[in-house]
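> The first sequence finishes on residue 616 if you use this note's numbering, and the numbering steps up by one all the way, no holes.
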Amino acid sequence: MRGPRPRAKILLAQSQAQFLNQWMPLPFNVATHLDTAIRAAAKALGLTDQGFESEVRVADPANGDFQANGALAFAKRAKQNPRALAQQIVDLLGALQTDFDLTLAGPGFINFRLKPAALLGWLQAYGSAQDLQNGAASARQGQTWIVDYSSPNTAKQMHVGHLRSAVIGEAICRLLAFSGAKVIRDNHIGDWGTQFGKLIWAHKRHLDPAALATDPLEEFERLYKVGNTAADADPSVLEEARHELVRLQDGDSTNLEIWKEINDVSLAAFQQIYDQLGIKFDVTLGESFYNDKVPRVYRELSESGLAEESGGALVVFHDEHPRFSRNAERPNPFMVRKGDGASGYASTDLATALYRAENFHAHGIVIVTDFRQTDHFEQLFLTVKKWFAAKKYRLPELHHVIFGAVTGDDGKALRTRDGGTIKLKELLGEAEERAYALVTEKTPDLPEAERRTIARTIGISSVQYADLSQNRSSNYVFSWEKMLSFEGNTAPYLLYAVTRVRSIFRKASLNPAEPPVGSATAPESLQEISLARKLVKFPDAIQLATNTLRPHFLGLYLYELAGEFSGFYAADKVIVDDAAVRARRLLLCHRTLIVLETGLHLLGLRTLERM
RNA sequence: GGAUCUGUAGCUCAAUUGGAUAGAGCACUUGGCUUCGAACCAAGGGGUCGGGGGUUCGAGUCCCUCCAGAUCCGCCA
Numbered sequence: 006m007r008g009p010r011p012r013a014k015i016l017l018a019q020s021q022a023q024f025l026n027q028w029m030p031l032p033f034n035v036a037t038h039l040d041t042a043i044r045a046a047a048k049a050l051g052l053t054d055q056g057f058e059s060e061v062r063v064a065d066p067a068n069g070d071f072q073a074n075g076a077l078a079f080a081k082r083a084k085q086n087p088r089a090l091a092q093q094i095v096d097l098l099g100a101l102q103t104d105f106d107l108t109l110a111g112p113g114f115i116n117f118r119l120k121p122a123a124l125l126g127w128l129q130a131y132g133s134a135q136d137l138q139n140g141a142a143s144a145r146q147g148q149t150w151i152v153d154y155s156s157p158n159t160a161k162q163m164h165v166g167h168l169r170s171a172v173i174g175e176a177i178c179r180l181l182a183f184s185g186a187k188v189i190r191d192n193h194i195g196d197w198g199t200q201f202g203k204l205i206w207a208h209k210r211h212l213d214p215a216a217l218a219t220d221p222l223e224e225f226e227r228l229y230k231v232g233n234t235a236a237d238a239d240p241s242v243l244e245e246a247r248h249e250l251v252r253l254q255d256g257d258s259t260n261l262e263i264w265k266e267i268n269d270v271s272l273a274a275f276q277q278i279y280d281q282l283g284i285k286f287d288v289t290l291g292e293s294f295y296n297d298k299v300p301r302v303y304r305e306l307s308e309s310g311l312a313e314e315s316g317g318a319l320v321v322f323h324d325e326h327p328r329f330s331r332n333a334e335r336p337n338p339f340m341v342r343k344g345d346g347a348s349g350y351a352s353t354d355l356a357t358a359l360y361r362a363e364n365f366h367a368h369g370i371v372i373v374t375d376f377r378q379t380d381h382f383e384q385l386f387l388t389v390k391k392w393f394a395a396k397k398y399r400l401p402e403l404h405h406v407i408f409g410a411v412t413g414d415d416g417k418a419l420r421t422r423d424g425g426t427i428k429l430k431e432l433l434g435e436a437e438e439r440a441y442a443l444v445t446e447k448t449p450d451l452p453e454a455e456r457r458t459i460a461r462t463i464g465i466s467s468v469q470y471a472d473l474s475q476n477r478s479s480n481y482v483f484s485w486e487k488m489l490s491f492e493g494n495t496a497p498y499l500l501y502a503v504t505r506v507r508s509i510f511r512k513a514s515l516n517p518a519e520p521p522v523g524s525a526t527a528p529e530s531l532q533e534i535s536l537a538r539k540l541v542k543f544p545d546a547i548q549l550a551t552n553t554l555r556p557h558f559l560g561l562y563l564y565e566l567a568g569e570f571s572g573f574y575a576a577d578k579v580i581v582d583d584a585a586v587r588a589r590r591l592l593l594c595h596r597t598l599i600v601l602e603t604g605l606h607l608l609g610l611r612t613l614e615r616m
């Protein structure tokens, strides 16, 4: 419940105008609040029409809490003195001075430092996870976003290379939902590829029923290899495999049954992994689902003149784009239909885009894949934009969320068919084991069952966070040490901070859901102030991570917040006799707890009571 | 051959997308537990941001060029 803020009494001595002003809570997102105020000042100065932007951002703590850099860029364009211009703006920001210390620095930076009373006001105003949610939920209210992630091929196990899409995708889903969007998680599985020809061929001839009963996915993988090897060695096998594929596509009941069995088994195995990662898809619309929807794509693209015949195939060029132009040195058209009449992933993806726009009324579509598909999705998006424009369909925002490859020691991307790559199942199991050893070492007194539960959370979180803590666009060499590191910017460090806060509440016999902090006063010590200043920047971290679709910005923020808390924890004791000191420190502890837990849950991690 | 991405401390990574003195962790050195959990904290050394040139008040970030690696380039997705 957000009511009037209990800051009134510190304001009694101030003017009536300021008093009334102070009854308005400082908004959830302080940077946005500053932006609004500066824009108003710029408008008063007549700068808005000339394209003035405030450029408010989080500042280096040494300089302030937020900084506005807009005067610099504007002055350059308008050939004015930036420092003088910044001063004119500052002169109009008098109302902000109740909450902030304003300073002008360097060539024209405007710095804003929150006063302790303003910090207290913000902390009092946003006092529960629900308050944080309410504060953030306006940005994408009423929008529907489709997030297409994980999307493995069936009949194969997921290996470490599949982890990034799942982990990053889930974090993005949660961030979008937190900003108010309705999110539809769509697992666009590869269930209709040519691999099924070879697979069905082998299934009919080399199936081992015992192996199928023990570990069906393992057996399907073996069968695929058998089929692949045989087809490579013998052209007649390849021919038979193609025939099996055609029969499947023509609806042959035996082949359909095998196909369905393979997919059902695969999805059940995938689900075990998803359960561990806390992922639950809303829909699983794989490539087969779009099978009957591609003719419309061919028709509409041809009618609108976007697609053309070329060597028997149906292709789309984008002449305005050097890379996809027909005039390129080596043309790279978007292959909508192959020369032999078969559909490819391009046509499936086009049909998928249309379905998402029409059926889900998507405001935005996010597709999470590795960087190798960059060209494909660029062509897809270019084609979709022209196609939708020609047919007057409403165009959703299209985002390809690209991440780097997970590579082996040779620096080359891991591929399923190379064999010997680490299976996701094994990775998660190993993570749990290593975490268990550590838990047992650190907290041997906890009962075995609890140590197991804790180890599960720590192990899985560590693996998830290994992907979320770094900028998604870079490649990395897979290593156990990296995935299961427990020091530095890692999940255990963050989870540890959470358990230390909870421990304080336990020690004081207080319920963290109902912290007695109504009488808390403004932060005083260096560490208290530093922690409070960090807490107030949570909305900015959320916004940055969501707008850029880069969850690591939130991870970095949480790591820094946990660091501030650790410094505070070491310096300032919370459970002390002085009731005033105690209340104001408990407030900081509690707000740290809700921000950390909310943030970690947004990244898809689970948190712990103790560890 | 063309295109895209990557290159930051010995190692693994950040840097709010053009902002102020490039920051963390690991490793190394030093100090801190009879005091709310030391899976922690405090402090120290360590950098021609791959090389070179350019754009401007300001560049790790943008442009050009060279070097190194990865990836893609009409029918597997």
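For every residue, glycine included, the Cβ atom is placed at its ideal position computed from N, Cα and C. Predicted, not measured: the structure shown is a model, and the values here were computed from it.
Please classify L311: does DSSP put it in a helix, a strand, or coil?
If DSSP states are grouped into helix, strand and coil, L311 belongs with coil.
> Helix or strand or just coil, what does DSSP make of Y481?
In the structure shown, Y481 sits in a strand (DSSP, three-state: E or B).
> Are L128 and A49 closer than 8 Å when you measure CB to CB?
No, the Cβ-Cβ distance between L128 and A49 is not below 8 Å.
> Are the segment 197-211 and the segment 253-269 in contact at 8 Å, needing three or more beta carbon pairs?
Yes: at least three Cβ pairs fall under 8 Å.
> Do F641 and H405 have their C-beta atoms within less than 8 Å of each other?
An answer regarding residue 641 cannot be provided, because it is not within the stretch 6 to 616 covered by the chain.
> Given a cut-off of 8 Å, decide if N139 and T289 are closer than it, judged by their beta-carbon atoms.
No; because the gap between Cβ atoms is not below 8 Å, this pair is not in contact.
> Can you tell which of K417, L125, D255 and Y398 has its C-alpha closest to the C-alpha of R377?
The shortest C-alpha separation from R377 is found at K417.
> So the alpha helix (DSSP H) Q200 belongs to, where does it begin and stop?
Counting along the chain, the alpha helix (DSSP H) containing Q200 begins and ends at Q200 to H211.
> Would you check if the segment 315-324 and the segment 332-346 touch, i.e. whether three or more CB-CB distances between them fall below 8 Å?
Enough Cβ pairs lie closer than 8 Å, so yes.
> Which runs of the beta strand (DSSP E) at least 3 residues long sit entirely within the segment 313-366? Give them in chain order.
Counting whole runs of 3 or more residues, the segment 313-366 contains the beta strand (DSSP E) stretches 318-321 and 339-342.
> Can you tell me which of P112, D65, E60 and Q276 puts its alpha carbon nearest to the alpha carbon of S535?
It is D65 whose Cα lies nearest to the Cα of S535.
> Taking the alpha-carbon of Y564 as reference, which of V600, N332, S315 and H366 has the nearest alpha-carbon?
Looking at the Cα atoms, V600 is the closest of the given residues.
> What residue range does the alpha helix (DSSP H) around K230 cover?
That run of the alpha helix (DSSP H) goes P221 to A238.
> Between which residues of its own chain and T323 is the CB-CB distance below 6 Å, once the five residues before and five after are set aside?
Looking at the sequence provided, one finds His at residue 323 rather than Thr. Same-chain partners within the cutoff: F329 and L387.
> Quick check on T159: does DSSP put it in helix, strand or coil?
In this structure, T159 counts as coil in the three-state DSSP scheme.
> Put F386 into one of helix, strand or coil per three-state DSSP.
In the structure shown, F386 sits in a helix (DSSP, three-state: H, G or I).
> Terminal residues of the continuous beta strand (DSSP E) containing V270?
First-last for V270: S258 to L282, but that is the alpha helix (DSSP H), not the beta strand (DSSP E).
> As a quick exercise: from Q475, L554 and E58, pick the residue whose alpha carbon is nearest that of I43.
The shortest Cα separation from I43 among Q475, L554 and E58 belongs to E58.
> Below 8 Å CB to CB, which residues in the same chain sit around F483 once its five sequence neighbours on both sides are set aside?
Closer than 8 Å at Cβ, skipping near neighbours: V165, V411, T412, G413, L419 and I427.
> Check whether the segment 440-452 and the segment 507-520 touch, using three or more Cβ-Cβ pairs below 8 Å as the test.
Segments in contact, no.
> Is there contact between the segment 177-192 and the segment 141-153, where contact requires at least three CB pairs shorter than 8 Å?
With the cut-off at 8 Å, the segment 177-192 and the segment 141-153 touch.
> Can you tell me where the alpha helix (DSSP H) holding H606 begins and where it ends?
Segment A584 to L607, the alpha helix (DSSP H) holding H606.
> In chain order, what residues of the same chain lie with their CB nearer than 6 Å to the CB of Q23, ignoring the 5 residues before and after it?
Only weak support exists for where Q23 lies, its pLDDT of 45 falling under 50; the value from the coordinates is given anyway. Within the same chain, Q23 has close Cβ partners T103.
> Considering only C-alpha positions, which residue in the set D287, D196, E313 and Y498 is nearest to T353?
Of the candidates D287, D196, E313 and Y498, the one whose C-alpha sits nearest the C-alpha of T353 is D196.
> Under 8 Å between the Cβ atoms of V503 and T612?
Yes, the pair counts as a contact, with Cβ atoms nearer than the cut-off.
> Taking 8 Å as the cut-off, decide whether the C-beta atoms of E203 and A246 are in contact.
Here residue 203 turns out to be Lys, not Glu, going by the sequence shown. Yes, Cβ-Cβ distance for K203 and A246 is below 8 Å.
> Buried or exposed: which applies to W392, given that a residue is buried once 16 or more other Cβ atoms fall within 10 Å of its Cβ?
Looking at its Cβ environment, which holds 16 or more other Cβ atoms inside 10 Å, W392 is buried.
> Can you tell which of N480, A471 and A395 has its C-alpha closest to the C-alpha of D415?
The shortest C-alpha separation from D415 is found at N480.
> For A356, which residues of its own chain have a beta-carbon under 6 Å away from its beta-carbon, when the five flanking residues on both sides are left out?
Within the same chain, A356 has close Cβ partners Y295, K298, V299 and V302.
> What does the alpha-carbon distance come out to for the pair L598 and L168?
So the two alpha carbons sit approximately 28 Å from each other.
> When burial is assigned at 16 or more other CB atoms within 10 Å of the CB, is Q21 buried or exposed?
For Q21, the predicted structure reports a pLDDT of 41, less than 50, and the residue's modelled location is therefore unreliable. The matter cannot be settled from this model.
> Among the residues of its own chain, which have a CB less than 7 Å from the CB of S293, if the five just before and after it don't count?
Cβ within range, chain order: D196 and W197.
> Return the CA-CA distance between L282 and A471, expressed in angstroms with no decimal places.
Rounded to the nearest angstrom, the two C-alpha atoms are 13 Å apart.
> What is the residue span of the alpha helix (DSSP H) that T462 lies within?
Note, T462: alpha helix (DSSP H), E453 to L473.
> From this set, I115, P497, E249 and A527, which residue's C-alpha is nearest A123's C-alpha?
Closest by alpha carbon: A527.
> What is the DSSP secondary structure of R247, reduced to helix, strand or coil?
If DSSP states are grouped into helix, strand and coil, R247 belongs with the helices.
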